[in-house]
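Residue 400 is where the sequence shown starts when you use the numbering used here, and the numbers rise one by one after that. Report on the structure given below.
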Amino acid sequence: MALPQPTSAEQQYSDTLKTILRDQISQAGGWLSFADYMETVLYTPTIGYYSGGAAKFGAQGDFVTAPEISPLFGQTLARQVATVLQTMQNGAILEFGAGSGKLAVALLQTLEMLGALPEYYNILDLSADLQQRQRTLFEQHIPHLAARIRWLTTLPDRFTGVIIANEVLDAMPVHLISWKDNHILERGVIWQNQQLSWQEQPLTTGELFTIAQQLPPAEQARYAHDYNSEISLANRHFMRSIADSLQQGMILLVDYGFGQNEYYHAQRSQGTLMCHYRHYAHGDPFFLPGLQDITSHVDFSAVAQTAQEADLRLTGYTTQAHFLINCGITDLLADTPADHTDHYFPLANQVQQLVSPAEMGELFKVMGLSKGVDIHAATLGFARGDLRRLL
Numbered sequence: 400m401a402l403p404q405p406t407s408a409e410q411q412y413s414d415t416l417k418t419i420l421r422d423q424i425s426q427a428g429g430w431l432s433f434a435d436y437m438e439t440v441l442y443t444p445t446i447g448y449y450s451g452g453a454a455k456f457g458a459q460g461d462f463v464t465a466p467e468i469s470p471l472f473g474q475t476l477a478r479q480v481a482t483v484l485q486t487m488q489n490g491a492i493l494e495f496g497a498g499s500g501k502l503a504v505a506l507l508q509t510l511e512m513l514g515a516l517p518e519y520y521n522i523l524d525l526s527a528d529l530q531q532r533q534r535t536l537f538e539q540h541i542p543h544l545a546a547r548i549r550w551l552t553t554l555p556d557r558f559t560g561v562i563i564a565n566e567v568l569d570a571m572p573v574h575l576i577s578w579k580d581n582h583i584l585e586r587g588v589i590w591q592n593q594q595l596s597w598q599e600q601p602l603t604t605g606e607l608f609t610i611a612q613q614l615p616p617a618e619q620a621r622y623a624h625d626y627n628s629e630i631s632l633a634n635r636h637f638m639r640s641i642a643d644s645l646q647q648g649m650i651l652l653v654d655y656g657f658g659q660n661e662y663y664h665a666q667r668s669q670g671t672l673m674c675h676y677r678h679y680a681h682g683d684p685f686f687l688p689g690l691q692d693i694t695s696h697v698d699f700s701a702v703a704q705t706a707q708e709a710d711l712r713l714t715g716y717t718t719q720a721h722f723l724i725n726c727g728i729t730d731l732l733a734d735t736p737a738d739h740t741d742h743y744f745p746l747a748n749q750v751q752q753l754v755s756p757a758e759m760g761e762l763f764k765v766m767g768l769s770k771g772v773d774i775h776a777a778t779l780g781f782a783r784g785d786l787r788r789l790l
């Protein structure tokens, strides 16, 4: 597959990041874990993929997220958020990685109509470029709510309300692991012949090794071919941090992924790592560092286990399709008369993208975790289609 070629300015931008990577690899002794590589190319201030100024979302970017597809996503999600906020005093919202800001706009507009506006809408997004784009969007669509919106640089020590992470976990760094002939190896990055290359080294101790020993591939590799996949320590550390911060409320995680047995299925022996560049999906993470997104599917079993160990309650786990239907997305669509074709047909197509098994409906999952809230308020979106047995 031939990928689009960068402009000369884009190539120079990527080459600058390659120089940073070369020096980082040298300082690390000649070998860098893929998790550290992924952290550098995605999040280095001013030059990492999410920190730079290029468009990321929508038709002009590299991929499309649910809030970019339709405002109905945020409007539907707001119904679950409202049921939780209405059970507490002074509840706020905290959104991680707010992207273009479209999800925040849809949520706040709908919560205002439902009489469930949060005290504050907090955004934790370290990209100065994205923060500015969000501010511009909010000034255009919800200027009267601007006083409620705050940008944070760190996770609050104590938080009450609803925490939302839509397509956040998949963008966190992962370690690449190989199970071969009863040995466990970690795949890392070296600088060789003036370019980035792969190199494996034995993994024998530490948290990563302990986890790798307990996963299905450790047994599969005894009898089958070599097995390659990912482990996200970052996801686990993130869940511990937000569990510690949340005093009362709910966490909503929306992302693509599987339970552990499906994630590490024998037939998925090459893992789930994927790169996105101008709406092309491919598997080369060394292609134009800083100009492309790198993601991995989410091991929702690991997320749930970590959350429960941190005293969070697993209130639900289901497909995005079931969650949105449970929260009434078809009712929202029905509010637009079908004979108003100019409005109805585009919305109907958007709903199709969000809930169809062939689109986002089944691959994307929604997980609800709670602490100290009424269980009935926290399970609106999980009333039907429960998949917790798969975790």
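Glycine is no exception: its CB is placed at the ideal position from the N, C-alpha and C atoms. Just so it is clear, the structure is predicted and the values come from calculations on it, not from any experiment.
Minimum Cα-Cα distance from V702 among the listed residues G760, Y743 and F637 corresponds to F637. In the DSSP assignment, A680 falls within the beta strand (DSSP E) that extends over Y679 to H681. Restricting attention to beta strand (DSSP E) runs no shorter than 3 residues, the segment 615-698 encloses them at 626-630, 645-657, 673-676, 679-681 and 692-694, ordered along the chain.
Per DSSP, the unbroken beta strand (DSSP E) holding R712 starts and ends at R712 to T718.
Under a 10 Å Cβ-count criterion, R783 is classified as exposed, with fewer than 16 other Cβ atoms of the shown protein chains found around its own Cβ.
In this structure, the beta-carbon distance from S668 to D625 falls below 9 Å. Cβ neighbours of L544 within its own chain (closer than 8 Å, five residues either side excluded): L507, E511, L516, Y520 and F537.
Between N565 and P466, the CB-CB gap stays under 9 Å. With contacts defined as CB atoms closer than 9 Å, E761 and Q751 fail to qualify as a contacting pair. Across the set F763, G771 and I774, the C-alpha of F763 shows the shortest separation from the C-alpha of L786. Its chain contains T482, V483 and T486 as the residues whose beta carbon lies nearer than 6 Å to that of A776, once the 5 sequence neighbours on both sides are disregarded; these appear in chain order.
Going by C-alpha positions, R532 is about 31 Å away from Q647. Distance between T509 and A720, taken at the CA atoms: about 20 Å. Beyond the five residues adjoining it in sequence on each side, Y442 comes within less than 7 Å, by CB distance, of Y449 and S450 in the same chain, given in chain order. Following the DSSP letters along the chain, one finds Q594 inside the beta strand (DSSP E) bounded by residues Q594 to P601.
Judged by DSSP in its simplified three-state form, Y520 adopts strand.
S413 sits in a helix when the DSSP states are folded into three classes. The continuous alpha helix (DSSP H) containing L536 extends over residues A527 to H540.
In the DSSP annotation of this structure, the continuous segment of the alpha helix (DSSP H) that includes A481 starts and ends at P470 to L484.
DSSP links H574 through a beta bridge to I630. If you draw a straight line from the Cα of E661 to the Cα of Q749, it comes to about 28 Å. In the three-state DSSP reduction, A491 falls in the strand class (E or B). When the five nearest sequence neighbours on each side are left out, the beta carbons in the same chain lying within less than 7 Å of the beta carbon of L523 are those of L493, F495, L551 and L554, in order along the chain. Here L416 has I446, P688 and G689 as same chain residues with Cβ atoms under 6 Å from its own Cβ, once five neighbours each way along the sequence are excluded.
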